[in-house]
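Colleague: In the numbering used here, the protein residues as written are 30 to 165.
From the three backbone atoms N, C-alpha and C, an ideal C-beta is built for every residue, glycine too.
Please read all numbers here as calculations on a predicted model, not as lab measurements.
1) Alpha carbon to alpha carbon, how far is residue 86 from residue 46?
2) Does residue 106 come out as helix, strand or coil in the three-state DSSP assignment?
3) Work out the CA separation of residue 130 and residue 118 for me, nearest whole Å.
4) So the beta strand (DSSP E) residue 127 belongs to, where does it begin and stop?
5) Roughly how many whole angstroms lie between the Cα atoms of residue 141 and residue 108?
6) Assign residue 74 to one of three DSSP states: helix, strand, or coil.
7) Out of 155, 159 and 135, state which residue places its alpha-carbon closest to the alpha-carbon of residue 78.
8) Go ahead and pull the three-state DSSP assignment for residue 59.
9) Could you tell me the distance, in whole angstroms, from the CA atom of residue 153 to the CA atom of residue 147?
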């Protein structure tokens with residue numbers, strides 16, 4: 030499918046009427062329903078700090094979610110965010126949409142003075158955004 034050359038990619042905050050499209054997107058991007066279920070549970074818990082979507086011609090093609098994160102071993106370190114999941118519809122992958130979502134999310138959280146962001150994800154993808162491996 031791909032991104033049509035005349036289409037602009039818009040990154041915006043997720044709205045409540047986007048929830049079904051976001052769940053479907055995560056299910057399709059990960060080829061299973063588990064991610065969509067997790068997104069739904071986090072959304073319903075009210076724990077979301079930042080949820081962004083990528084839109085092309087009013088179609089949601091990408092999504093990223095940030096929610097509160099903490100370290101059990103270090104209870105004094107607080108205020109951080111966890112990035113997960115980040116998903117792009119299969120026909121739109123490898124075209125920079127995920128990169129746009131990650132960069133915009135990090136930029137917003139930096140402006141909010143979030144002290145750290147952690148991610149459990151692909152070890153070769155996220156280092157280009159400054160993420161470092163935390164443990165062996």
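Modeller: Reading from the atomic positions:
1) Those two C-alpha atoms are separated by around 17 angstroms.
2) Note: residue 106 maps to coil in three-state DSSP.
3) The straight-line gap from Cα to Cα measures roughly 13 angstroms.
4) Looking at the DSSP string, residue 127 is not in any beta strand (DSSP E); the run it does join, the alpha helix (DSSP H), is 126 to 140.
5) Roughly 11 angstroms between the two C-alpha positions.
6) Shown here, residue 74 sits in a helix according to DSSP, grouped into three states.
7) Across the set 155, 159 and 135, the C-alpha of 135 shows the shortest separation from the C-alpha of residue 78.
8) Helix, per DSSP.
9) Each residue's alpha carbon lies about 15 angstroms from the other.
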